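Peer 1: My structure is below; once you've seen it, I'll send some questions.
Numbering (the numbering used here), first residue to last: 982 to 1311.
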């Protein structure tokens, strides 16, 4: 098995071989919220299967304890301090493109950095590099790196190297009213589904269709899940399933959060199965990553309960993430 060195290898070398690239990014997933990383409560058979077929990084860290900064780093290969995106503010309407220091609160001894609210279009993104090398490129799910306010703006996925974007909600920091249809955060009226369908189910089905349609040419597919970011809601049958197996002695015992993790795992399984069905597993690189560690508040237990200081705390549990890179071979 060839291991992926996506973050280190020159893009030219990657393009020369032209394997397909699927980058799966979870949102707010704790480093120990997968069975293959030690959880005995959460059920992640599809991600576990992916781990067995590849490699687990057990000392992996995100570029930031916050969403947008890590996402910008993934796409352009620079630290958040370089891109200027240091806070998850890329869903706001004011466009800030200049780095500047601002006065903090009266108890702060340091000046705060005012985060940019857009990923500048002059950056050469991973999607643009692979597109130049002949790849089809597609983005599915959360973006949170900026949206356009006028026709001259160029901050959305299809402005940054992606041929397509689904469900095209670049101004959404999360799934708005929740994960279950009808989805109010999606503005396209044609994207509908039966009441109660999880957005991860719909997105992963669309991603599977994309894989089947592009199996004969190299493609780069970003599957940036909304899960398991707030708001906290999930399929009722999954919640009831995990309620039945709660052990108060287990620090991971939040049935609602477990149900959200399971829907994330369902989506990953659907994508991996589509790759297998297309017969392209031997030429497909899959990366499973999280934009940061788990949410830090005690109301959400599990692999995240031991992180303190809030979501933006630069602590081990807030930036430690589960990473599964590998060149898939059946």
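Yeah, the Cβ is synthetic: ideal placement off N, Cα and C, and Gly gets one too. Predicted model, so just to flag it, every value in this text is computed and none were measured.
(1) Kindly indicate which three-state DSSP category residue 1015 falls into: helix, strand or coil?
(2) So, under 8 Å CB-CB, residue 1177 and residue 1202 are touching, yes? Tell me the CB distance rounded to an integer number of Å.
(3) What residues are listed by DSSP as bridge partners for residue 1166?
(4) For the beta strand (DSSP E) containing residue 1118, list its first residue and its last residue.
(5) Using three-state DSSP, classify residue 1200 as helix, strand or coil.
(6) If you draw a straight line from the C-alpha of residue 1230 to the C-alpha of residue 1021, how long is it?
(7) Measure the alpha-carbon distance for residue 1027 versus residue 1086 and round it to whole angstroms.
(8) With DSSP run on the structure shown, which of helix, strand or coil describes residue 1003?
(9) From which residue to which residue does the beta strand (DSSP E) around residue 1237 run?
(10) According to DSSP, simplified to helix, strand and coil, what is residue 1144?
(11) Could you tell me the alpha carbon to alpha carbon distance between residue 1142 and residue 1078, rounded to whole angstroms?
(12) Nearest to residue 1014 by alpha carbon, out of 1218, 1049, 1255, 1233?
(13) Keeping to the same chain, check which residues put their C-beta closer than 8 Å to that of residue 1194; ignore five residues upstream and five downstream.
(14) Kindly indicate the opening and closing residues of the alpha helix (DSSP H) around residue 1081.
(15) For residue 1273 and residue 1248, I'd like the C-alpha separation in whole angstroms.
(16) I need the boundaries of the alpha helix (DSSP H) containing residue 1106, first residue and last residue.
(17) CB residue 1117 to CB residue 1198, shorter than 8 Å?
(18) Considering Cα atoms alone, identify which of 999, 1008, 1019, 1066 is closest to residue 1312.
(19) With distances taken from CA atoms, which of 1055, 1082, 1123, 1062 is nearest residue 1072?
(20) Counting C-beta neighbours from all protein chains within 10 Å, is the total for residue 1053 16 or more, i.e. buried, or is it exposed?
(21) Are the segment 1214–1224 and the segment 1251–1264 in contact at 8 Å, needing three or more beta carbon pairs?
(22) Please classify residue 1047: does DSSP put it in a helix, a strand, or coil?
(23) With DSSP as the reference, label residue 1053 as helix, strand or coil.
(24) Could you please give the first and the last residue of the uninterrupted alpha helix (DSSP H) stretch that includes residue 1220?
(25) On the DSSP bridge assignment, give the partners of residue 1094 in chain order.
(26) For a quick check, are the C-beta atoms of residue 1144 and residue 1119 less than 8 Å apart?
(27) Spatial neighbours of residue 1065 within its chain, please: C-beta separation below 6 Å, excluding the five flanking residues on both sides.
(28) Applying the 10 Å Cβ sphere with the 16-neighbour rule, what's the burial state of residue 1207?
(29) Give the secondary structure of residue 1041 by DSSP, where H, G and I count as helix, E and B as strand, and everything else as coil.
(30) DSSP on residue 1192, reduced to helix/strand/coil?
(31) Check whether the Cβ atoms of residue 1174 and residue 1183 lie closer than 8 Å to each other.
(32) Give me whichever residues DSSP pairs with residue 1205 in a beta bridge.
(33) Which residues bound the alpha helix (DSSP H) around residue 1028?
(34) From the DSSP output, in three-state form, read off residue 1021 for me.
Peer 2: Looking at the coordinates:
(1) As a working mapping, residue 1015 is identified with position 34 in the chain shown. Coil at residue 1015, not helix or strand.
(2) Indexing the chain shown from 1 puts residue 1177 at position 196. Indexing the chain shown from 1 puts residue 1202 at position 221. Not really, about 26 Å apart at Cβ, beyond 8 Å.
(3) Looking up residue 1166 in the chain shown gives position 185. DSSP lists no partner for residue 1166.
(4) Residue 1118 sits at position 137 when you count from the first residue of the chain shown. Its beta strand (DSSP E) spans residues 1117–1122.
(5) Looking up residue 1200 in the chain shown gives position 219. In the structure shown, residue 1200 sits in a strand (DSSP, three-state: E or B).
(6) What you label residue 1230 is simply residue 249 of the chain shown in a count that begins at 1. What you label residue 1021 is simply residue 40 of the chain shown in a count that begins at 1. Looking at the two C-alpha atoms, the distance is approximately 12 Å.
(7) Mapped onto the chain shown, residue 1027 falls at position 46. Mapped onto the chain shown, residue 1086 falls at position 105. The alpha-carbon atoms of residue 1027 and residue 1086 are separated by roughly 46 Å.
(8) Mapped onto the chain shown, residue 1003 falls at position 22. DSSP places residue 1003 within a strand segment (E or B) once states are collapsed to three.
(9) In the chain shown, counting from the first residue as 1, residue 1237 sits at position 256. Note, residue 1237: premise wrong, no beta strand (DSSP E); alpha helix (DSSP H) at 1236–1258.
(10) Along the chain shown, read from residue 1 onward, the residue named residue 1144 stands at position 163. It is coil, neither helix nor strand.
(11) Looking up residue 1142 in the chain shown gives position 161. Looking up residue 1078 in the chain shown gives position 97. Spanning the two alpha carbons is a distance of roughly 20 Å.
(12) Locating residue 1014 in the chain shown gives position 33, counting from the first residue. Comparing Cα positions, the closest option is 1233.
(13) The residue given as residue 1194 occupies position 213 in the chain shown. Hits under 8 Å: none found.
(14) Sequence index remark: in the chain shown, residue 1081 carries index 100 (1-based). From DSSP, residue 1081 is part of no alpha helix (DSSP H) but of the beta strand (DSSP E) over 1081–1083.
(15) Reading the chain shown from its first residue, position 292 is the one you call residue 1273. Reading the chain shown from its first residue, position 267 is the one you call residue 1248. One alpha carbon belongs to residue 1273, the other to residue 1248, and they sit about 19 Å apart.
(16) Taking the chain shown and counting its residues from 1, one reaches residue 1106 at position 125. Segment: none, residue 1106 is in no alpha helix (DSSP H) and carries neither H nor E.
(17) Here the question's residue 1117 lines up with position 136 in the chain shown. Here the question's residue 1198 lines up with position 217 in the chain shown. Contact: yes.
(18) Because residue 1312 is not part of the residues shown, which for the chain are 982 to 1311, the question remains open.
(19) Within the chain shown, numbered from 1, the residue matching residue 1072 stands at position 91. Nearest to residue 1072 by C-alpha distance, out of 1055, 1082, 1123, 1062, is 1123.
(20) Against the chain shown, residue 1053 aligns to sequence position 72. Label assigned to residue 1053: buried.
(21) They do not touch, by the three-pair rule.
(22) Sequence index remark: in the chain shown, residue 1047 carries index 66 (1-based). DSSP places residue 1047 outside both helix and strand once states are collapsed to three, so it counts as coil.
(23) Taking the first residue of the chain shown as position 1, residue 1053 is located at position 72. Assignment of residue 1053 by DSSP, reduced to helix, strand and coil, places it in the helix class.
(24) Your numbering for residue 1220 matches position 239 in the chain shown. Residues 1217–1224.
(25) Mapped onto the chain shown, residue 1094 falls at position 113. Note: residue 1094 sits in a beta bridge opposite 1082.
(26) Translated into positions along the chain shown, residue 1144 becomes position 163. Translated into positions along the chain shown, residue 1119 becomes position 138. Yes, Cβ-Cβ distance for residue 1144 and residue 1119 is below 8 Å.
(27) Reading the chain shown from its first residue, position 84 is the one you call residue 1065. Only 1080, 1097 meet the Cβ criterion.
(28) Working through the chain shown from its first residue, we reach residue 1207 at position 226. It is buried - the Cβ of residue 1207 has at least 16 other Cβ atoms within 10 Å.
(29) Here residue 1041 is taken as the residue at index 60 of the chain shown, counted from 1. Here residue 1041 sits in strand by DSSP.
(30) By 1-based counting over the chain shown, the position of residue 1192 is 211. Shown here, residue 1192 sits in a helix according to DSSP, grouped into three states.
(31) Working through the chain shown from its first residue, we reach residue 1174 at position 193. Working through the chain shown from its first residue, we reach residue 1183 at position 202. Yes, these two residues count as a Cβ contact at 8 Å.
(32) Taking the first residue of the chain shown as position 1, residue 1205 is located at position 224. Looking at the DSSP assignment, residue 1205 forms a beta bridge with 1006, 1122.
(33) Here residue 1028 refers to the residue found at position 47 of the chain shown. Unbroken alpha helix (DSSP H) run through residue 1028: 1026–1034.
(34) Here residue 1021 corresponds to residue number 40 of the chain shown, with the count starting at 1. Of the three classes helix, strand and coil, the one that applies to residue 1021 here is coil, per DSSP.
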